[in-house]
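Shown next, in structure tokens, is the structure this report addresses.
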Amino acid sequence: MATAITEISKRVQPDVIGCPKIMVDRAVVDSIIRFCEDTYVLERGFEHDVETADVTAADNDSVTVTLSDYGITEKPLSVTEFRIDGGLWETSYIELLNDLDDLSIIAIQGAKFFNFPSDTNIKFYGIDAQDQTFYIKLSLCPLITMTTIDDFIYRRWRKAIESGARWELMSMPRKDWSDPIGAITNRSAYNDGVADAKISKDKGYTKGNTQVKSMRFF
């Protein structure tokens, strides 16, 4: 389920009298995006079956996964869990200068390199050319075009997101709603919400952490 971002805007608007509604909505979107980037609390996990033919040997034995195939429309930020046939692997983000870069000289035992060729794909390197199953958990960030916010985030961290929006708006210079002291207060409240979210994440309490995994390997 999801809640319209206008519900948050309604809570912010009375504190920034004179600010156009469209600017309030944009500040709320900015705050949601910043919150997800700062905390990694929005996560989704899924399984991806890999066949031998899916492995591209000429590109460092890579496998590309299309996120939209699994209903993921948000922007990926990082891999927070990666398993191959149930075995846990560390992951490390890498940028390649070109497809000819040889990753074998910097390979890390027990780890796999990955990157995001686009906001809709993730590529893993150093994958054995054999049939296997990936379990991938990603931290995600909503797109700037969002019109709703996940109920999970709304219920737990609505106040932090509201504070982030007020902070942005009150920090604007020479506006009717400018309020340097209020901006500092709301910045502090936002940062407190970020700290709470990070603690919750460390305890395993994030959106998507209960995604059903196949029990074939667990």
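Heads up, the sequence shown stops at 270 in this note's numbering, and the numbers go up one at a time, no gaps.
Just so you know, even glycine gets a beta-carbon here, dropped at the ideal spot from N, CA and C.
As the structure is a computational prediction, the values presented were derived from the model and not from experiment.
Following the DSSP letters along the chain, one finds A235 inside the alpha helix (DSSP H) bounded by residues P232 to D254. In this structure, DSSP gives S114 an extended state, which the three-state scheme calls strand.
The C-beta distance from F165 to S144 rounds to 5 Å, short enough to fall under 8 Å. Looking at the DSSP output, G139 sits in a beta bridge with I136. Counting of Cβ neighbours within 10 angstroms places K73 among the exposed residues, the total staying below 16. Each residue's CA atom was taken as its position, placing L192 and I85 some 10 Å apart. With respect to I188, V131 sits close: the two C-beta atoms are nearer than 8 Å. Excluding its 5 nearest sequence neighbours in each direction, G234 has C-beta neighbours in its own chain below 6 Å: M222, listed in chain order.
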